[in-house]
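J.: So the protein sequences, as listed, match chains L and D.
Using this note's numbering, you'd call the opening residue of the first sequence number 1 and step up by one each time.
Using this note's numbering, you'd call the opening residue of the second sequence number 1001 and step up by one each time.
Ideal placement from N, C-alpha and C gives every residue a C-beta, glycine not left out.
Protein chains: 2
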Amino acid sequence: MIQDPSPKRTPLETLGEFALIDRLTSMVQLTQKSTTLGVGDDAAIVNHGGKDSLLSTDMLVEGVHFDLTYMPLKHLGYKAAVVNFSDIYAMNGKPTQLLVSLAASNRFPLEALEELYEGLNLACKNYGVDLVGGDSTSSMSGLVLSLTAMGEVDKGQAVRRSGAKPNDLIVVTGDLGSAYMGLQILRREKTTYEADPNFQPDLQGHEYVLERQLKPEARQDVAALLKDLDVKPTSMIDISDGLSSELLHLCKQSVTGCAIFEDKLPIDPATIRLCEEFGLHPATAALNGGEDYELLFTVSISDWDKIKGNPNLTAIGHMSDADKGSFMINQAGDQLPISAQGWTAYTTEETQK
Amino acid sequence: MIQDPSPKRTPLETLGEFALIDRLTSMVQLTQKSTTLGVGDDAAIVNHGGKDSLLSTDMLVEGVHFDLTYMPLKHLGYKAAVVNFSDIYAMNGKPTQLLVSLAASNRFPLEALEELYEGLNLACKNYGVDLVGGDSTSSMSGLVLSLTAMGEVDKGQAVRRSGAKPNDLIVVTGDLGSAYMGLQILRREKTTYEADPNFQPDLQGHEYVLERQLKPEARQDVAALLKDLDVKPTSMIDISDGLSSELLHLCKQSVTGCAIFEDKLPIDPATIRLCEEFGLHPATAALNGGEDYELLFTVSISDWDKIKGNPNLTAIGHMSDADKGSFMINQAGDQLPISAQGWTAYTTEETQK
């Protein structure tokens, strides 16, 4: 009945998620005095007269972001909330409220949604966040979750992606790549189970990587740690899509290049062992695996003494001038360009070595 | 692989949307000092030290909430934003920021999503709201939109659903039932078109009801109007699901009953004519049609002189003690119970007359 007036059709697959968002939001104009920061960071910054409020939203679609064959609903609820809180921590803030909307098809009974809410409530309890609103509706297929977290930070104290300078040190919390190897274990067990339904999954010995995948935690401790160390990051982001993707976000928005060192990447021994088992290069899991929910930030070189030797923090490289590009220096001393295309592109490069 | 541990399965269809939300949020505990009001109103109230911030979220699913055969994407974007703003106005607030998440299957090209964003941006421009964030992802089927609006109101000045007292006057803005009749027209044209694809839809003469359905506006004027009149509502809600459903929300949360008068319901002459054509009672369209996005509020009886005769406002009845129940008094003087079940239940009753 309604004719499509636009003869041009650009398939979404030809754009990445970030290019799509850039394109869609290119016409957005900000006019509110209360808007301090709009689209393009881990969270927006709004000020209604007191502290700065932080707002971040995430949408999770069954079959795209999660697979209920190996993700119990309670874990899904927990993870969905934590992932949102992580965006607030990545602004140097503290999450305070959460809104939860869900669309569920009629294959989900009430009890399933109650399990999901158990996970959401547990995350809210563990992180001191109030679930204050939401919406629920039916869907034509599967489960869609949309969460919006609100947080607070002292006025002007939010840390953006855009403040890094050349020579700033690049620091990550915790270790990288484990969540991705947890996913590999779960996928392998699912494939085996599908071939033989009598197969009993054996997940023993893989507790750490499975927990990193199924019940990740956000780094609520880092803001206080940095305050104690008297360090204010110049830029910060959380690692959801993988180190390489997040590094490129910081470089793009700070207008810098970067150099990181493969031998500095913090990777857990269990993850390294699994990478060997799966025939993957550990650096590839760390760079492109994603879902670690660690924080990646930059600090002035003059803060090096304050963070040196802290078991929670690892310096992995430094920012550089934008025209130098973004590289990882491997153990042989080769400079490998860091790619935004993530997994596939980088794997190809790794495989070619 | 994961066994369902809960043998009990309660189908979602056996619960209404509101019962489901009540059930899911029954375990929610609020602990944040900054949370003034949680789940259960048009918006949550949060205070980070300045004005009160209002937060409201809505999820819209293709095939459930909209049909793209007669809802152009630009209109969908506009309406989705306006519907969210309406929730903020229903708290006596002013929307200031908007977050937009969408999941789209690959049948949508970039140009389709750009059209959707054109509508979102136009609504933001018309209402002075900043689009500050969001998420975009792929979906397995169709389009899912999740919008979160943030607003502001002077501290303590938000109007909740819970403040009405017996004898308070019940007032509505604008007119009711038109958006529903616009939907009837669109559905009729779609059916005719499906039977004969060469059929050219004739929507002439139905501009008003179609605009109410396809491009509704939220009542951004009412807060200022009431301020000018020196009237503060005791309770307020926006009419999204239909007058009867919203009245019952106010009664439940204010612990009152209510009595409204059929002959007081403000219904546009074009809507009345269409109701006759479709064989519907106009009061049924007004009570159960929904999507009018007018405001429904209560005021103290002592404010009657201030609102009397205002062309934007219609007093339709009054609140009563809770044990009196909730009724509409028809032109014959009969008391008809107001039902939360909306359309179907009430239509049956109408048909039996």
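By alpha-carbon positions, which one of L:Gln253, L:Ser320 and L:Ala218 ends up nearest to L:Asp292?
T.: L:Ala218
J.: Taking all protein chains shown into account, do 16 or more other C-beta atoms lie within 10 angstroms of the C-beta of D:Pro1337, making it buried, or fewer, making it exposed?
T.: exposed
J.: Just the Cα atoms here: how many angstroms apart are L:Gly309 and L:Lys155?
T.: Rounded to whole angstroms, L:Gly309 and L:Lys155 show a C-alpha spacing of 31 Å.
J.: Would you mind sorting D:Leu1313 into buried or exposed? The rule is 16 or more other CB atoms within 10 Å of its CB.
T.: When all chains shown are included, D:Leu1313 counts as buried.
J.: Are there three or more Cβ pairs, one per stretch, closer than 8 Å when the region 1254-1268 of chain D is compared with the region 1313-1327 of chain D?
T.: yes
J.: Spatial neighbours of L:Leu122 within its chain, please: C-beta separation below 7 Å, excluding the five flanking residues on both sides.
T.: Tyr78
J.: Of all the options D:Gly1151, D:Val1153, D:Thr1234 and D:Leu1176, which has the alpha carbon lying nearest to the alpha carbon of D:Arg1160?
T.: D:Thr1234
J.: When you compare the CB of L:Tyr293 with every CB in chain D, is at least one pair closer than 8 Å?
T.: Taking Cβ atoms only, chain D never reaches closer than 8 Å to L:Tyr293, which makes this a no.
J.: Where DSSP assigns a beta bridge to D:Lys1094, which residues make up the other side?
T.: D:Glu1152
J.: Strictly by DSSP, which residues pair up with L:Thr31?
T.: For L:Thr31, which the question treats as bridged, DSSP gives no partner whatsoever.
J.: Any beta-carbon of chain L closer than 8 Å to the one on D:Glu1262?
T.: no
J.: State yes or no: is the C-beta of L:Tyr117 within less than 8 Å of the C-beta of D:Leu1030?
T.: It is not a contact, given that the beta carbons lie outside the stated cut-off.
J.: Say whether chain L places a C-beta atom closer than 8 Å to the C-beta of D:Leu1015.
T.: Interface with chain L (8 Å Cβ-Cβ cutoff): D:Leu1015 is included.
J.: In angstroms with no decimal places, state the Cα-to-Cα distance between L:Leu287 and L:Tyr180.
T.: 10 Å
J.: Quick one: does D:Asn1167 have its CB under 8 Å from some CB of chain L?
T.: no
J.: Does the beta carbon of D:Ile1021 come closer than 8 Å to any beta carbon on chain L?
T.: It does; some Cβ of chain L falls within 8 Å.
J.: For D:Lys1033, count neighbouring C-beta atoms within 10 Å of its own C-beta (all shown protein chains included) and say buried if the count is 16 or more, exposed if not.
T.: Exposed: under 16 other Cβ atoms inside 10 Å.
J.: Does any residue of chain D have a CB that is nearer than 8 Å to the CB of L:Asp196?
T.: no
J.: Check the C-beta distance from D:Asp1328 over to D:Ala1164 and give it rounded, since I have them as a contact under 8 Å.
T.: According to the sequence shown, residue 1328 of chain D is Met rather than Asp. The Cβ separation is near 17 Å, so there is no contact.
J.: Can you find at least 3 beta carbon pairs, one from the region 101-109 of chain L and one from the region 130-146 of chain L, that sit closer than 8 Å?
T.: yes
J.: If you scan the region 21-93 of chain L from start to end, which runs of the alpha helix (DSSP H) of 4 or more residues do you find wholly inside it?
T.: Within the region 21-93 of chain L, the complete alpha helix (DSSP H) runs of at least 4 residues are 73-89.
J.: Taking the alpha carbon of L:Ser371 as the reference point, which residue from L:Glu13, L:Gly40, L:Ala223 and L:Glu294 has its own alpha carbon closest?
T.: This structure cannot speak to residue 371 of chain L, because chain L is shown only from 1 to 353.
J.: Can you give me the C-alpha to C-alpha distance between L:Asp241 and L:Asp22, rounded to a whole angstrom?
T.: Cα to Cα, L:Asp241 sits roughly 17 Å from L:Asp22.
J.: Could you list the residues in the region 98-109 of chain L with a C-beta less than 7 Å from some C-beta on chain D, going in chain order?
T.: Leu99, Ser101, Ala103, Ala104, Asn106, Phe108 and Pro109
J.: Beta-carbon within less than 6 Å of L:Asp268's beta-carbon, same chain only, minus the 5 sequence neighbours each way: which residues are those?
T.: Asp175 and Ser178
J.: Would L:Val231 pass as a contact of L:Ile307 if the rule is Cβ separation under 8 Å?
T.: yes
J.: Assuming L:Ile88 and L:Ala43 are in contact, meaning their beta carbons sit under 8 Å apart, how far apart are those beta carbons, in whole angstroms?
T.: 6 Å
J.: Exposed or buried, which one is D:Glu1013 when buried takes at least 16 other CB atoms within 10 Å?
T.: exposed
J.: On a CA-only basis, which of L:Thr137, L:Ala112, L:Met140 and L:Gly151 is nearest L:Gly128? Give me that one, please.
T.: L:Gly151
J.: Leaving out the 5 sequence neighbours to the left and right, which residues in its chain are closer than 7 Å to D:Ala1158 when beta-carbon positions are compared?
T.: Excluding sequence positions up to five before and after D:Ala1158, its CB lies within less than 7 Å of the CB of Ile1045, Asp1052, Leu1054, Met1091, Asn1092 and Gly1093, all in the same chain and listed in chain order.
J.: So is L:Ser302 buried or exposed if we call it buried at 16+ other beta carbons inside 10 Å?
T.: exposed
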